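Heads up: the sequence shown begins at 26 in the numbering used here, then just goes up one per residue.
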Amino acid sequence: MPKNDKQKKYTKSDLPLKICAACGRPFAWRKRWKKVWDEVKFCSERCRQNKKSA
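Below is the structure:
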């Protein structure tokens, strides 16, 4: 039996990307965004707070 039963099912290059609405940088899917990925628009809390100035 393998020592590490938990193997990654994906690679970082396979993760979906979005472009931040505030800074324009690409950002990748995160596990904590699993349920709300369609609603995520900003790459960070800082960009979310500064959305009006962008």
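Every residue, glycine too, gets a C-beta built ideally from N, C-alpha and C.
Because the structure is a prediction, the values reported are computed rather than measured.
Assuming residue i contacts residue j (C-beta within less than 8 Å), just tell me the rounded distance between them.
i, j, result
"F67", "A46", "6 Å"
"K43", "V65", "7 Å"
For the beta strand (DSSP E) that contains residue i, what are its first and last residues?
i, result
"K43", "42 to 44"
"F52", "51 to 53"
Starting from residue i, follow the alpha helix (DSSP H) in both directions and report where the run begins and ends.
i, result
"R71", "70 to 74"
Considering only residues of the same chain and omitting the five flanking positions on each side of residue i, which have a CB-CB separation below 6 Å?
i, result
"W58", "V65"
"R73", "F67"
"P51", "L42, I44"
Who are the near neighbours of residue i in its chain, counting only those whose CB is closer than 7 Å to its CB and skipping five residues on each side?
i, result
"K76", "A46, A47, F67"
Please confirm whether any heavy atom of the ligand ZN lies closer than 6 Å to the CB of residue i.
i, result
"K56", "Judged by which ligands are present, the structure shown has none, so any question about the ligand ZN falls away."
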